[in-house]
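Line by line, the protein sequences give chains H and V.
Those letters in the first sequence? Residues 1175 to 1287, by our numbering.
Those letters in the second sequence? Residues 19 to 132, by our numbering.
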Amino acid sequence: GQQLNQSPQSMFIQEGEDVSMNCTSSSIFNTWLWYKQDPGEGPVLLIALYKAGELTSNGRLTAQFGITRKDSFLNISASIPSDVGIYFCAGQKRSDYGQNFVFGPGTRLSVLP
Amino acid sequence: DAMVIQNPRYQVTQFGKPVTLSCSQTLNHNVMYWYQQKSSQAPKLLFHYYDKDFNNEADTPDNFQSRRPNTSFCFLDIRSPGLGDAAMYLCATSKGGIANEKLFFGSGTQLSVL
């Protein structure tokens, strides 16, 4: 089946540092979504990308839709303690009926004060 | 302002005792999904409804059923919960049938099986 890979699996950074993570696939996707999940909560949508090469920002977060349509990147600038959590990417291929979203395994981010 | 609402947040049930989890949405979205998530793994799709049409994933156990009585509500029924069914259950919605889709999640229901 379709699979997404995320790297790194986990990362520990100092507060104030920038963070970069990515999501790759062997398949082409039409949509990339990035989520953050806090413990015991549902994933919260951060950024949605719909065009190859698209670069979109949401505050300190910036995400890009890869040119090949098989990858996406998420950058967080000047990290703060509340950035701690698990970041999931999700890709979508449109189908005629319903919408299938495929999720990556997540990148666990820890921010050290 | 919650748009996808799940109740309860925490549910404890006994081994083999049927349990129902509920989800409602104020987005008027056509598609509603149920995901199972264990130990901070990726959410795993169980099934989804596109309007009234039910779409089951091939590897979803028969123990899991769903109902969507109207656009706003969707239920997850676990007929005979086993210990392995303890997990976070996430409801999500999307508009359906549009190019620029977004998937919105509820806060989840954490299910414990004793």
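Just so you know, even glycine gets a beta-carbon here, dropped at the ideal spot from N, CA and C.
What Leu1207 (chain H) touches in chain V, judged by beta-carbon distance under 8 Å, is Lys120, Leu121, going in chain order. About 12 Å separates the CB atoms of Trp1208 (chain H) and Leu1178 (chain H); that is not less than 8 Å, and the two are not in contact.
For Glu1228 (chain H), the CB contacts under 8 Å within the same chain, skipping 5 residues up- and downstream, are Gln1238, Phe1239 in chain order.
Non-local beta-carbon contacts of Ser84 (chain V) in its own chain, meaning distances under 8 Å to residues more than five positions away in sequence, involve Trp52, Leu64, Phe65, Tyr67, Phe72, Cys92, Phe93, Leu94, Asp95 in chain order.
A distance of 8 Å or more separates the beta carbons of Phe1277 (chain H) and Gln1266 (chain H). The residue from H:Leu1235, H:Leu1220, H:Lys1244, H:Met1195 with its alpha-carbon nearest to that of Arg1282 (chain H) is H:Met1195. Among the residues of chain V, those whose CB is under 9 Å from the CB of Gly1280 (chain H) are Ser58, Gln59, Ala60, following chain order. If you look at Val22 (chain V), you'll find it in the beta strand (DSSP E) that goes 22 to 25. Rounded to the nearest angstrom, the Cβ distance from Gly1280 (chain H) to Ile1254 (chain H) is 20 Å, too far for a contact under 8 Å. DSSP places Ser1256 (chain H) within a helical segment (H, G or I) once states are collapsed to three. Counting along the chain, the unbroken beta strand (DSSP E) around Ile1187 (chain H) starts and ends at 1184 to 1188. Residues of chain V with a Cβ closer than 8 Å to the Cβ of Leu1286 (chain H) do not exist, since the nearest Cβ in that chain sits about 19 Å away. Annotated as distal: Leu1286 (chain H) and Ile1202 (chain H), with beta-carbon spacing of 8 Å or more. According to the DSSP secondary-structure assignment, Tyr1224 (chain H) is paired through a beta bridge with no residue. Among the residues facing chain V, Tyr1224 (chain H) is included, as its CB has a counterpart in that chain under 8 Å away.
In this model, Val1193 (chain H) and Ile1250 (chain H) are separated by some 5 Å (Cα to Cα). Interface with chain V (8 Å Cβ-Cβ cutoff): Ala1264 (chain H) is included. Pairing Thr38 (chain V) with Val131 (chain V) gives a Cβ-Cβ distance that is not under 8 Å. In terms of Cα proximity to Lys113 (chain V), the closest of V:Leu45, V:Pro26, V:Asn25 is V:Leu45.
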